[in-house]
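The structure appears below as C-alpha cells.
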Amino acid sequence: MQFMLLFSRQGKLRLQKWYVPLSDKEKKKITRELVQTVLARKPKMCSFLEWRDLKIVYKRYASLYFCCAIEDQDNELITLEIIHRYVELLDKYFGSVCELDIIFNFEKAYFILDEFLLGGEAQETSKKNVLKAIEQADLLQEVRHNYFL
Amino acid sequence: MSDVVEKTLTALPGLLLSLDSQPGAAKLCATSRLGSLVRSITELTSKNVGEEMAEPPAGPLFHTEKPCHVRAIYCEMLGYEASFSYIHAIKLAQQGSVLEKRVGYLAVSLFLHESHDLLLLLVNTVLKDLQSTNLIEVCMALTVVSQIFPKDMIPAVLPLVEDKLTHSKEIIRRKAVLALYKFYLIAPNQVQHIHDKFRKALCDKDPGVMTASLHIYLKLIKESPESYKDLTDSFVTILKQVVGGKLPVDFNYHSVPAPWLQMQLLRILALLGKEDQRTSEMMYEVLDESLRRAEINHNITYAILYECLKTIYTIHPKSELLEKAAKCIGKFVLSPKINLKYLGLKALTYVVQQDPNLALQHQMTIIECLDHSDPIIKRETLELLYRITNGQNVSVIVEKMLDFLRLSKDEYTTIDLVGKVAELAEKYPFPYNSWFIQTMNAIFSIGGDVMQPDIPNNFLRLLAEGFDSDEEDRQLRLLAVDSYLSLLECDTSGLPQRFLQVISWVLGEFSFLKEGLEPADVVERLGKLLDDDAITTETRCWVLAAMSKLCGSSDALCKAEKVAHKYTSCLDTALRQQAVELELLGRDVDLRTRVLPQHVIGFCVWLQVDSSLSFLDGFVSDALARGAAPYKPPHQRQEELSQEKILNFEPYGLSLPVSLSACSLTDRQSPTALSLSSSLSGNSADPPLKAGSNLLKLEGVKRVWGKQGYLPEKQATEEALAQEPSSIFAPSHQQACSESQQTTFSTIVEQDQEKRQLASSLFVGLGSQNAPCLVRTVSQMSVKPTQKRSKTTSIHLTSAFAQNLSDSTSEAVPAVGNTEVVEASEVSSLSGGSGPLAQPSSQVERGLESDLPSRLPATLVGLLRSDVEELCSGESLSLSACKVFDADALVLAIFLSNISDSSIQEVSCLISSEQLKVPEMCSTFSVLSFYLNGLNPQLEGSVSCASQATQSFSLTLSLVDFIRPLPLTTEEYGKMWLSFSHDVKQNLMLLKHEEEDQLEAALTALKEKLCLHIVDVIGAEGIMACQLVSGRPCLLHCHTHGGMLAIWLRSPIADLPDCLLYHCQKAIQER
C-alpha cells in the first residue's frame, strides 16, 4: 500500500498515512486531487479507481471516506477488507465510532493503524490482538497519570 | 471572527499550564485543550489566522507537553506549517516517559520523511529503546524503524533488530521481521547476509511471524524465482494447512482462515510456477482445493478467488483447473455487485489472450459494461476490447475508444488510450486508408499536446516511407493532404500544436500530389496559421520549413518570402535560421533548382545526401591543426559531464572545469535540423524520427499493456487471429456467436437488436473453435506493419562506400603511395579515374600496421575501433581494414599499403557481398535477422593493381559490431526495464572460482568484449545497457551466486536478447 487517507464528505482531511517517501508538496497535491475525484463519484459506482499509475480503493463509512492507494498488481478486494477491518477496530475501540471520535482522538486512530498496518502491509489481522496491544500501551499511560495526580 | 482568535490566544497559555485531567476518556476529550484548539480552528476561515495560532504560543513548553504535539500534528494535517515543532518531537521521543515517547514517535513518523536531517538525531533514541527491557518501548522503536529510517543508519540498528528475531514474544519477533522487510526494500544489499534468518522466521512456530516473513519472500522470489524453487513444497504445505483450517481461530477473518496469508502464498506460488511445469504440478492440488473452499459469498472469499485465478493463469496451465477458473471468472463477470464485475473484467482482460472463448461467452455482459455509467468500468472494458482487436473489428473498437476519449478529462487516461488507438490504427490500416487518416486526425485533435511524441513521428514516417505499393502510398498521402486542406479552411485556433506541425509537414512534403493545387495556395493557407498568436515558435518553425519546401514556383516563393521576412529578425534562433534559409533560397536560383528538383519535373526524386559531411573534412582538419578540441558526439560529452558532476559530490574534489563545448553544442531537436536537409535527403522522414529520440520511442504504447510476461502470447494470438482468412471463418464465427448467445442468454427474453449487432461486430474473428491455448508459444520475430515499413533510416556504411557496394562496380583508386589511407567516407579520394604516380617510399616495413591507425581520418580518431587486420597482401599491395564503431554507424576503414619499393598504378578495389544488400544493412531488423538465421554476413572483395594479380579477401561482420554502449542512469534503467517485454534469462557458469570479485570480473569482460555500458553495481548484482546502432536498446541484469552468473536480458525487440545472450556466453567463456 502506498498511502491511506481519511477525509470527510466536506473534503476535510482527517487522517493521512504515507508509506512511500514523498515531498509535502506532492502529498498535498495528491490529497487535493484525490479528494476531489473521490467525492465526485456517485454512491453506486465501483469502489476502485485508476489514478495515474496507481489504483485507488475507497469506501465510505457514514460521513467519512477511507481511501487507499495500491499498486497495479495488488488485490483491490483485500484492500477493501483492510479498510473494513480498520473500521471494525476503530469501532470496537471507541465503541460505535463516529467522525468526532477520530477528530478529537486522532492520535489514537494513528496508534491503532500502526498496530494494524506496518510499512504498508497488514501485520496483525486479529482484532483481539491489535486491541490488546493498544490497551496495554494505554494502560501505561493511565498508570503514569494516576501516579502524578 | 477576530475576537475568537483573541480569546483563544489569551486562553492558550493558561490551557497549556493546566494539566490534562481527563486523559484516555474519549468522550471527555472534547473539553480538553486539543478539543478547544480543534474547535477554534474549525471556526476560523482564514488560513493566516490559523497559522498564527499554530505558531507563537507553544514554543518553550513543547518539551514537556504531549498534547502540544498532538495539536501540532493536527495543524500539519490541516496544511499549516508546524516545522518548528519537529525538533521538539524528537526531544520528546528521546527524553520523555513512555507515554510521551509514544506521541513523540508518532509525531516524528508523521512529520519527517526518510531523508530528513533531523532523523539522524533519532538514531540514538531508537538504539536505546531497542535495548530497553520494557516491551512497549521496544515495540515503539521497531514501529518507527519500519516506518521511517535513514538508509545510511541501517547498519547501526541492524544487529539489534536481528537479535529481536529470537525474542520470546511473538509481537516483537513479528515487528522485527517487518522492520527487516522495510530495510530490504530500501537497501537490499545491507540485509543480504541474513537470508538464513529469514528462513528461520518462515519456520517460526507463530503463524503471525511466518506471515510477516512472507512479505520478504515475495520480494526475494520476484527477483530470482530460480533460487527459491526448493521452498515450493513448504509453501504448498502451509497453504494446504491454512485452507484446511488448521490455524487458530484468531486468524480467521469473517470465518475465512487467514485470508491475508492465503493471498500472499498464492502470489508466491504464481511467481514460482511461472513457466515451470514441474513446480506447477506440485501446486495444482492445493489450488483446486482453494477454489473449492471459497464458497461463502463474501468479499474476502472473492479476493482469494481472484488471486487464485491469477495464479492459475500464470503458472504452467492445466486444462482441468483452467475450466474451473473460467467458471469462476463467470461468477465475477455476472455478479450484480459492481466491484466484482470490475474485477471480472480485469480477469477477462488478463486471460483473454489465452482463451478468446471466454470473451465470446460473456459478450453481452461486455456490451452492457461498455455503456456503463461508471467510467472505470467502461475503461476496463475498452482495455479488454483492445486485447481482442483484430483486422475485422478494429474500426468498431477504435470508434468506441475515441468516444470514451472525447468524454474523458483525465490526462493520464488520455495519454494511455491515445497511444493504444494509435497502435491499433497503425497495425491495421491497410484496407481502410481513409479510415486510417480520419482516426489519426481524431487522435491528434484529442491527444493534443499530451500524447507521446512518437505517435506523430511514427505517423509521419509511415506516410513518408509508405508501404508495399506505390499507388497505395500515393493515395494515402493524397487523402492526408485533402483532409488537412479542408481542416485549414475551418477555424484552426482549437487545434493542438502537434497536429499543426503534422499538417504543415504533410502539406510541405506531399501537397504537390494533388493536381491543380497551386503551391502558392498552400503557402497562403499555411501563412494564415502564423497569424494566430497562440501558436508556438516550434510550430512556426515547422510551418516555415513546409513553406521552404513549396518554393518551387515563383508565386509561392514570393508569398513565402513575404512571410519569412517578418521572422528574419526574430529573437528565436531556430526560427530566424529557418527564415534566413528561406530567403537565401529565394535569392539563389541555382540552389533552388538543385534543392527542389521535384517541382521542376513534377515528381519526387529522392536525392542522395552526403550525410557524413565529408565536404567539411578539410575545415575540420584545419581547425584541429589550429588546436581546436576534437569533436565529441553528444553521448560522450554527456557521459563526461556526468562524470564531472559525480566528482562534484566528493568532499574535497577539484573544482569542476567549465566545459564550453558541452554546454554550447547541445543537440537541437527543432525542425531546423531538417529544414533543407529534409527536402534534400531522400528519406524525408528521417529528422522527425530522430526528434522522437530513442528513449521516447521505447516508452511507446506497449508498456501500458500491463501484465508482464503476457506480451508474447498476446502477439502470437493476435497474429494468429489476424492471419485467419476472414472469408472462410467469418460465417462460422457468426454462427458460433449466435449459438452461444442462445445458450447463455436464453433466459433473457428481450435482446436489444442493436447490442447484438454490436456484439457480432465486436467479436468477429475470435475463434470460438479454438481450444484454450495451453501451449505457450514464444512469439517469432513478429514484424508489425509499422516496423515492416521502416526502411532505411540511418546510413551505416557511409554513402560513397554504400554506392560502391550496391553497384558492385570497381573504382580505380588513384595510385596509392606507401600507406595511403583510403577511408570509406572519403568520396574525393575514391572517385576519379587515374591519378598521378605516387613516389615509392624507400623504407618498406611490413610492421606498418601499428602506424595505420594514425592514418584514420580526423572524424574517426578517438572512436572505439577494432584492431587493424590484414586481409590480404601480395607482392606490392597489402590491404588491411579495421572497424570503427561510430555512435550511429559501423564504419569500415580500409587501408591500402604499397609494400613494394616502386610506385604502383591502376589499383582497383572491389567490395561486394552476396548476402547483404546495402539498404538492408541499414535497418536494425534485418541486421538482427541475419544473426538470427545464424548467418554472419561477409563482405567479399578483391584488390588488384598493375603489378599484382587480383587478390581476394573477405571480412566477416558480427552482431557485436553493431552494439554500442547505452549510457543510462540507474533510474532510467529501472524505468526502461519495466517497459520492455522480451526477456531471456540464463545461468552461465563462471569458470574461475578463485576470483575475489567474480561479478566485477564478469562485468568487465562483458564490457570489453561487447561494448556494454555498466550502469551500476549493487552488491552482487550488476546492471548494464547497450543498444544497436540505430538505437534499439537492450538491458542486462547480472547476478552472481555460487560460481554462476545469472544473466537476464530485456529489450523491446523480440530476438535481440537471445542473440546477445549468445555473445555474452561467448565473452564469458573466452575470458
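Line by line, the protein sequences are chains A and B.
Quick note: the first sequence, position 46, residue 46 per my numbering, numbers continuous.
Offset between the second sequence (1-based) and my numbering: plus 10000.
Idealized CB from N, CA, C, for every residue including glycine.
Remember, it's a predicted structure, so these values are computed and weren't measured experimentally.
Excluding five sequence neighbours on each side, which residues of the same chain lie with their C-beta closer than 7 Å to the C-beta of B/Ser10434?
Leu10479, listed in sequence order.
Anyone know if the C-beta pair for B/Ser10897 and B/Ser10878 falls short of 8 Å?
Yes, the pair counts as a contact, with Cβ atoms nearer than the cut-off.
Using a Cβ distance threshold of 8 Å, determine whether the segment 11050-11060 of chain B contacts the segment 10969-10981 of chain B, with at least three qualifying pairs required.
By the Cβ rule, the segment 11050-11060 of chain B counts as touching the segment 10969-10981 of chain B, because three or more pairs are nearer than 8 Å.
Go through its chain and collect everything with a Cβ distance to B/Pro10023's Cβ below 6 Å, but skip five positions before and after it.
Only weak support is given to the placement of B/Pro10023: the predicted model assigns it a pLDDT of 36, under 50, and the value that follows is read from those uncertain coordinates. So the list is empty, once near-sequence residues are dropped.
Following the continuous beta strand (DSSP E) through B/Leu10871, name the residue where it begins and the one where it ends.
Per DSSP, B/Leu10871 belongs to the beta strand (DSSP E) from Glu10869 to Ser10873.
Secondary structure at B/Met10153, three-state DSSP: helix, strand or coil?
When secondary structure is reduced to three states using DSSP, B/Met10153 falls in the helix class.
Mark B/Glu10275 as exposed unless 16 or more other C-beta atoms lie within 10 angstroms of its C-beta, in which case mark it buried.
If you draw a 10 Å sphere on the C-beta of B/Glu10275, you find fewer than 16 other C-beta atoms in it, and that means exposed.
By how many angstroms is the C-alpha of B/Gly10494 removed from the C-alpha of B/Pro10456?
When rounded, the distance between both Cα atoms is 18 Å.
Alpha carbon of A/Ile102 to alpha carbon of B/Ala10759, nearest angstrom:
The alpha-carbon atoms of A/Ile102 and B/Ala10759 are separated by roughly 50 Å.
Residues in the same chain with beta-carbon distance under 7 Å from B/Trp10260, minus the five sequence neighbours each way, listed in chain order, please.
The beta carbon of B/Trp10260 lies closer than 7 Å to those of Thr10211 in the same chain, with the five residues before and after it left out.
Is it true that the segment 11029-11048 of chain B meets the segment 10942-10959 of chain B, where meeting means three or more beta-carbon pairs spaced less than 8 Å apart?
Contact between the segment 11029-11048 of chain B and the segment 10942-10959 of chain B is absent: fewer than three C-beta pairs spanning the two stretches fall below 8 Å.
Between B/Ala11020 and B/Asn10189, what straight-line distance do the alpha-carbon atoms span, to the nearest angstrom?
Cα-Cα distance, rounded: 8 Å.
If you draw a straight line from the C-alpha of B/Lys10000 to the C-alpha of B/Glu10320, how long is it?
It is not possible to answer for residue 10000 of chain B, since the shown part of chain B is limited to 10001 through 11071.
Do B/Val11017 and B/Leu10988 have their beta-carbon atoms positioned less than 8 Å apart in this structure?
Cβ atoms of B/Leu10988 and B/Val11017: not closer than 8 Å.
Go through its chain and collect everything with a Cβ distance to B/Ala11073's Cβ below 7 Å, but skip five positions before and after it.
Any property of residue 11073 of chain B remains undetermined from this structure, which presents chain B solely from 10001 to 11071.
Alpha carbon to alpha carbon, how far is B/Leu10476 from A/Cys68? Give it in angstroms, no decimals.
Cα to Cα, the separation comes out at about 49 Å.
At which residues does the beta strand (DSSP E) containing B/Val10891 begin and terminate?
Looking at the DSSP string, the run of the beta strand (DSSP E) that includes B/Val10891 is Ala10889 to Asn10898.
Would you say B/Ile10221 and B/Ile10268 are within 8 Å of each other, going by their C-beta atoms?
The answer is yes: Cβ separation under 8 Å.
Are at least three pairs of beta-carbons, each pair with one atom in the segment 10097-10109 of chain B and one in the segment 46-60 of chain A, less than 8 Å apart?
Between the segment 10097-10109 of chain B and the segment 46-60 of chain A there are fewer than three C-beta pairs closer than 8 Å, too few to call the two in contact.
Identify the continuous alpha helix (DSSP H) that holds B/Val10506 and give its terminal residues.
Element bounds for B/Val10506: Gln10497 to Phe10510.
Residues that B/Tyr10306 contacts on chain A, provided the C-beta gap is smaller than 7 Å:
Simply Asn75 and Leu77.
Against chain A, with Cβ distances strictly below 8 Å, would B/Gly10208 count as a contact?
Taking CB atoms only, B/Gly10208 has a neighbour in chain A less than 8 Å away.
Taking the continuous alpha helix (DSSP H) assigned at A/Ile164, which residues delimit it?
Not covered by the structure: residue 164 of chain A. The range shown for chain A is 1 to 149.
Out of B/Ser10146, B/His10088, B/Cys10139 and B/Leu10110, which one is the CA nearest neighbour of B/Leu10121?
Nearest option by C-alpha distance: B/His10088.
Note down, in chain order, every chain B residue with its Cβ under 8 Å from the Cβ of A/Arg155.
Not covered by the structure: residue 155 of chain A. The range shown for chain A is 1 to 149.
Alpha carbon to alpha carbon, what distance is there between B/Ile10388 and B/His10372?
Spanning the two alpha carbons is a distance of roughly 20 Å.
Proximal residues to B/Arg10498 (C-beta, below 6 Å), its chain only, five neighbours per side dropped:
Here B/Arg10498 has Asp10449 and Pro10456 as same chain residues with Cβ atoms under 6 Å from its own Cβ, once five neighbours each way along the sequence are excluded.
Rounding to the nearest angstrom, what Cα-Cα distance links A/Gly120 and A/Gln2 in this structure?
In a straight line, the C-alpha of A/Gly120 is about 7 Å away from that of A/Gln2.
B/Val10884: buried (16+ other C-beta within 10 angstroms of its C-beta) or exposed?
Residue environment: B/Val10884 is assigned as buried (16 or more neighbouring CB atoms within 10 Å of its CB, all protein chains considered).
Cβ-based neighbour list, A/Met4, same chain, cut-off 6 Å, excluding 5 preceding and 5 following:
Within the same chain, A/Met4 has close Cβ partners Lys17 and Cys68.
Would you call B/Cys10308 buried or exposed, if buried means 16 or more other Cβ atoms sit within 10 Å of its Cβ?
So B/Cys10308 counts as buried.
From B/Leu10118 to B/Thr10143, what distance separates their C-alpha atoms?
Cα to Cα, B/Leu10118 sits roughly 18 Å from B/Thr10143.
Between the segment 10291-10309 of chain B and the segment 10325-10335 of chain B, can you find at least three pairs of beta-carbon atoms closer than 8 Å?
Cβ pair count under 8 Å is three or more, so yes.
Residues of the segment 116-132 of chain A whose Cβ lies closer than 8 Å to any Cβ of chain B, in chain order:
Here the close residues are Leu118, Gly119, Glu121, Ala122, Gln123, Glu124, Thr125, Ser126, Lys128 and Asn129.
Taking 8 Å as the threshold (C-beta atoms), are A/Leu90 and A/Arg14 in contact?
No, these two residues do not count as a Cβ contact at 8 Å.
Look at B/Tyr10386 and B/Leu10340 and say whether their C-beta atoms are less than 8 Å apart.
At a Cβ-Cβ threshold of 8 Å, B/Tyr10386 and B/Leu10340 do not count as neighbours.
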